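The structure under discussion appears below in the form of structure tokens.
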Amino acid sequence: MQYISTRGGISPISFSKAVMMGLATDGGLLLPRNIPRIGAETFASWQDLTYTELAFEIMSRFVDDIPSSDLRDLIKRSYSTFTNAEITPLVHHGDLHILELFHGPTLAFKDIALQFLGNLFEYLLEQDNGSLNILGATSGDTGSAAIYGVRGKQRINIFILHPHKRISPVQEKQMTTVTDANVFNIAVEGTFDDGQKIVKDIFSDIEFKERYQLGAVNSINWARILAQVVYYVYSSLHVIKHEGDKAMDFAVPTGNFGDIFAGYIAKLLLPEGTIRRLFLATNTNDILCRFVQNGDYSKAEVQSTSSPSMDIQAASNFERYLYYLLDKDGERTASAMEEFSEKGLLELGNHCDHIQRDFGAIAATEAELADTIANFHKEYNYLLDPHTAIAVFAGLQKQQKNIPMICLATAHPAKFGETVKAATGIEPDIPEAIKNIFDKESRCEIMTADQELIKNYIRTHAS
Ligand SMILES: *Cc1c(COP(=O)(O)O)cnc(C)c1O
3 MQYISTRGGI SPISFSKAVM MGLATDGGLL LPRNIPRIGA ETFASWQDLT
53 YTELAFEIMS RFVDDIPSSD LRDLIKRSYS TFTNAEITPL VHHGDLHILE
103 LFHGPTLAFK DIALQFLGNL FEYLLEQDNG SLNILGATSG DTGSAAIYGV
153 RGKQRINIFI LHPHKRISPV QEKQMTTVTD ANVFNIAVEG TFDDGQKIVK
203 DIFSDIEFKE RYQLGAVNSI NWARILAQVV YYVYSSLHVI KHEGDKAMDF
253 AVPTGNFGDI FAGYIAKLLL PEGTIRRLFL ATNTNDILCR FVQNGDYSKA
303 EVQSTSSPSM DIQAASNFER YLYYLLDKDG ERTASAMEEF SEKGLLELGN
353 HCDHIQRDFG AIAATEAELA DTIANFHKEY NYLLDPHTAI AVFAGLQKQQ
403 KNIPMICLAT AHPAKFGETV KAATGIEPDI PEAIKNIFDK ESRCEIMTAD
453 QELIKNYIRT HAS
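Numbering-wise (our numbering), the sequence shown opens with residue 3 and increments by one.
Pasting the structure below:
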């Protein structure tokens, strides 16, 4: 399988090159040249595979430059850190299926992609005797999942900036109690945006970037999308096994359009009609919802909500879907993205029919979110984290008779215990992974929000 850029400006490259490139060098995002369609017979033959066996079947169709035995081993190791034998179990409440994606080491769905990406980076660096210094800024969840993905790995260091005292105590401890020698936590005195700006500025210093082999782990890496395709297929098979062959819908809490884009790839991959529609669920940061409903993709101010991992106004993976919407035309995609970065808006109203064949959308207010958590608990004695609650809100609103609805549960409720407690009066049980986190040794450098200081810190600690 060869990979191309959504902006059409690079010659096709291999999977391994695409993983190491991250963002395409023409500013676009990398995608497989075509998505194979799995036949009905093959799909049926996957019915009894374990999660990791299924992951191999899917990934091997997109990866042709890693020997099969190595790919199998990478997959196996990546999911051995999960605490549930099924990796992504499906539970059933009322008429909804809830796909639990939070059984990894940091209790959020990002582990599914980042556990794999960490092992993959290590493997590829070994092949060409390279090294990598990962640099990123986090507002909470991504940082810890990325740190857990690469802790203790050879050839990789990770530097993660978080805003000092502006993330939750659990989120802070999840990062700073990882004391492996290759992990560097930096608490920046300032906001998330201050940290984000420093990271961007450092990446734009090309000489520095090359000298220290800087790399990113943000959600634009194709390997992250690929790893996420697996649980859509896994849950489809589960539903078919129990309810017979029928089309199904998904409700997906969305911020950067990464998780739901993996669903779109799964829709293209599986036999036609297996996945009917993907319901995009947002909080009041509803740019993506407006895009689906009337083709209006226009930025607004970011609002802080109780589902902070979805407080996003420019979805970094949106360009991938736009490329398909514009008939895989790289030039048109490039000029549309240019227009968006100049004007902060795109008018795609004349594509509404096409968009709505694939997607539906709904946004939840803070009150709707809290009500959903409270009602679901009352009715089923099951606690939803605030992000999952948005998917469940969408699932309940959009569900149709005889069409199974699978809601993606993206975080464990204990990760956002305060919101859950405010809605239900109940403190979620604390999973083993974060139980003793406040007693553990922690390590973190507190620094002024100054690019030069942080560069110096990297100079001293990079290998
Ligand atoms: C990152 C995140 C999301 C949003 O996923 P995207 O891929 O950015 O759309 C939803 N829920 C949780 C808990 C997350 O951490």
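We put the beta carbon where it would ideally sit given N, CA and C, even for glycine.
Values in this document were obtained by computation on a predicted structure and should not be read as measured data.
Please report the distance separating the alpha-carbon of residue i from that of residue j.
i	j	result
residue 369	residue 362	21 Å
residue 151	residue 322	24 Å
residue 352	residue 297	7 Å
residue 326	residue 114	25 Å
residue 320	residue 259	6 Å
residue 345	residue 206	22 Å
residue 93	residue 84	17 Å
residue 435	residue 335	43 Å
residue 174	residue 139	13 Å
residue 107	residue 147	8 Å
residue 178	residue 429	24 Å
residue 120	residue 355	39 Å
residue 212	residue 127	15 Å
residue 102	residue 454	42 Å
residue 2	residue 276	The structure shown does not extend to residue 2, since the chain is modelled only from 3 to 465, so the question has no answer here.
residue 5	residue 225	12 Å
residue 7	residue 330	10 Å
residue 155	residue 134	11 Å
residue 399	residue 389	16 Å
residue 117	residue 105	12 Å
residue 159	residue 231	28 Å
residue 446	residue 197	15 Å
residue 25	residue 32	7 Å
residue 423	residue 91	24 Å
residue 465	residue 459	12 Å
residue 427	residue 367	20 Å
residue 261	residue 79	22 Å
residue 293	residue 403	26 Å
residue 333	residue 279	28 Å
residue 86	residue 53	11 Å
residue 203	residue 378	44 Å
residue 65	residue 136	23 Å
Could you pull out every residue in the same chain whose Cβ sits closer than 8 Å to the Cβ of residue i, ignoring the five residues on either side in sequence?
i	result
residue 191	166, 448, 449, 450 and 451
residue 315	287, 289, 301, 302, 303 and 304
residue 235	48, 56, 60, 268, 271 and 272
residue 125	68, 72 and 76
residue 41	273
residue 439	172, 175, 176 and 179
Is residue i near ligand 2, judged by its Cβ being under 7 Å from some heavy atom?
i	result
residue 133	What this structure holds is ligand 1, not ligand 2.
Give me the Cβ distance between residue i and residue j, rounded to the nearest whole Å; I'm assuming they're in contact under 8 Å.
i	j	result
residue 73	residue 62	6 Å
residue 39	residue 271	7 Å
residue 312	residue 265	Not a contact, Cβ separation roughly 16 Å.
residue 376	residue 425	5 Å
residue 215	residue 132	7 Å
residue 110	residue 412	6 Å
residue 200	residue 163	7 Å
residue 228	residue 299	At roughly 25 Å, the Cβ-Cβ gap does not stay under 8 Å, so residue 228 and residue 299 are not in contact.
residue 347	residue 309	Not a contact, Cβ separation roughly 24 Å.
Residues in its own chain within less than 6 Å of residue i by CB, not counting five upstream and five downstream?
i	result
residue 11	28
residue 51	none
residue 153	180, 182 and 185
residue 241	250 and 406
residue 169	142
residue 95	382 and 384
residue 396	253, 281, 283 and 364
residue 98	397, 407 and 409
residue 295	363
residue 233	90
Return the chain-ordered list of same chain residues with a C-beta closer than 7 Å to the C-beta of residue i, the five sequence neighbours on each side being excluded.
i	result
residue 67	16, 17 and 18
residue 318	220, 221, 222 and 258
residue 431	416
residue 130	none
Closer than 8 Å, CB to CB, is residue i near chain D or not?
i	result
residue 142	No chain D appears in this structure, which consists of one protein chain only.
Next item on the list: Using the beta-carbon of each residue, find all residues closer than 5 Å to any heavy atom of ligand 1 and list them in chain order.
Entry: Cβ-based neighbours of ligand 1 within the cut-off: 110, 143, 255, 256, 257, 258, 260, 261, 311, 389, 412 and 413.
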